[in-house]
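Written out below as structure tokens is the structure these notes cover.
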Amino acid sequence: LPAELWLQILHWAGAIARSNLASGPEPLDINVAEARQTLQTRLNVILVCQLWRKIGTEMLYHEVWVRHGASMLVQALEGGKGVGEGNGKFVRCIHLSTSPADLIDPSTSTILADRIIECCPNVQILLKDRQDSSGNATNTRLSLLSLPSHPLPLSLRRLDWCYNWTSKDQHLLQFILSYAPNLEYLSLVGPAYRPFRPQNPVTLPALTTLRISAMDTNMIQQINTWSIPFFTRLIVNPSRSADFYSFMNTRGDQVQTLDFGAGSRLLRRDFLGRSLAACPKLRELSLYIMFTGPTNPAHNFPHHSLECVRLHSRPN
């Protein structure tokens, strides 16, 4: 069989299914046990023969979890070659789910996350968790990452970002967004806790989908300063009505697809009616009927652009 066909077969064997989610709206729900089993399958595949090892190495490095042993991971990605020439060129997805101390090189006291990203010029998905591998909150006295000294890969298409309680964390997010012109999907899990004023404006010319959970005033103030000309889809679980209304007043005329999550706050305020009023170009609406309160009669009016309404059911 040709190598391309073997590669496809081995990809199926390794259960790689997230490459198509780089710009999709679905959250990347991670099952740690399943991920470990998948990794073991990939390791077994490359032990079969030299041909499978050569072909399967790409599959093995497709998805990288940055936890303990970050310095060894850097060596594996570099492979003794130049930047972007080692195994890092195969990486498409990076998970940053670790304790800050695990990202420090003990010999140089430098943080290794930027070196890991530098080794992966073709990465499409970057996920940053709030918790470390033991499930404990990260140490607020040390930022999870340092500000990289080099531009990030231009291939980045999806960023899932979970805020920590540090101002450096917000600086890092702004830095990444400044070097992500091809970013199509951005998920923010807040709240941001602290006000932040970026030094340089953020422009995301390719962003189409924005997913926001637990929005607050600081987060909305940041987003309202961004240039996102092709933003059309909002996936949201409002936490405070004033912040949500502020966002909709600024960005509502761009929204063509609106997806509401399953949050109890949706029952306390007329988020639906206010959204319809603020989104004159809305074409698709998705909501959970058990988490949607009655609309204000003042918002009962014909919406001529709306073409599709999806009603989901989930126990309240």
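Converting from the sequence shown to my numbering requires adding 5 to each position, the first position being numbered 1. All C-beta atoms in this analysis are idealised placements derived from N, C-alpha and C, irrespective of residue type, glycine included.
Tell me the residue span of the beta strand (DSSP E) that contains residue i.
| i | result |
| --- | --- |
| L290 | 289-293 |
| R3 | This structure cannot speak to residue 3, because the chain is shown only from 6 to 321. |
| I51 | Unbroken run through I51: none, as it is neither H nor E. |
| C98 | 98-101 |
| V132 | In the sequence under discussion, the amino acid at residue 132 is Leu, which differs from the Val named in the question. Run containing L132: 130-133, per the beta strand (DSSP E) assignment. |
| E68 | 68-71 |
Whole angstroms is fine: what's the gap from residue i's alpha carbon to residue j's?
| i | j | result |
| --- | --- | --- |
| R58 | N205 | 45 Å |
| M253 | Q175 | 22 Å |
| H309 | T262 | 14 Å |
| I51 | R256 | 49 Å |
| S280 | F249 | 9 Å |
| N301 | V314 | 19 Å |
| R41 | N92 | 20 Å |
| D137 | H100 | Caution is warranted here: a pLDDT of 43 is assigned to D137, below 50, making its placement in the model unreliable, and the coordinate value is therefore given only provisionally. Going from the Cα of D137 to the Cα of H100 covers about 11 Å. |
| F306 | E63 | 55 Å |
| L6 | S76 | 37 Å |
| L239 | H16 | 32 Å |
| A267 | T208 | 30 Å |
| L277 | I294 | 11 Å |
| A142 | L131 | For A142, the predicted model reports a pLDDT of 38, less than 50, meaning its position is unreliable; a value from the coordinates is still stated below. Their Cα atoms are separated by approximately 20 Å. |
| E9 | R120 | 30 Å |
| T222 | G84 | 45 Å |
For the alpha helix (DSSP H) containing residue i, name the first residue and the last one.
| i | result |
| --- | --- |
| L82 | 75-83 |
| P65 | Note that residue 65 corresponds to Leu in the displayed sequence, not to Pro. Run containing L65: 55-65, per the alpha helix (DSSP H) assignment. |
| R315 | Per DSSP, R315 belongs to no alpha helix (DSSP H); it is in the beta strand (DSSP E), 313-317. |
| L277 | 276-283 |
| H16 | 8-18 |
Would you mind stating whether residue i and residue j have Cβ atoms separated by less than 8 Å?
| i | j | result |
| --- | --- | --- |
| T69 | V96 | A small correction: the amino acid at residue 69 is Val; Thr does not occupy that position in the sequence shown. Cβ distance < 8 Å, so V69 and V96 count as in contact. |
| L193 | L161 | no |
| C98 | V128 | yes |
| L215 | A185 | no |
| F180 | T213 | no |
| D264 | S246 | no |
Return yes when the C-beta of residue i is under 7 Å from any heavy atom of the ligand COA, and no when it is not.
| i | result |
| --- | --- |
| V96 | Within the structure as shown, the ligand COA is missing, as the structure has no ligands at all. |
I'd like the ranges of any alpha helix (DSSP H) spanning at least 4 consecutive residues and lying wholly in the region 181-262. 222-228, 246-256
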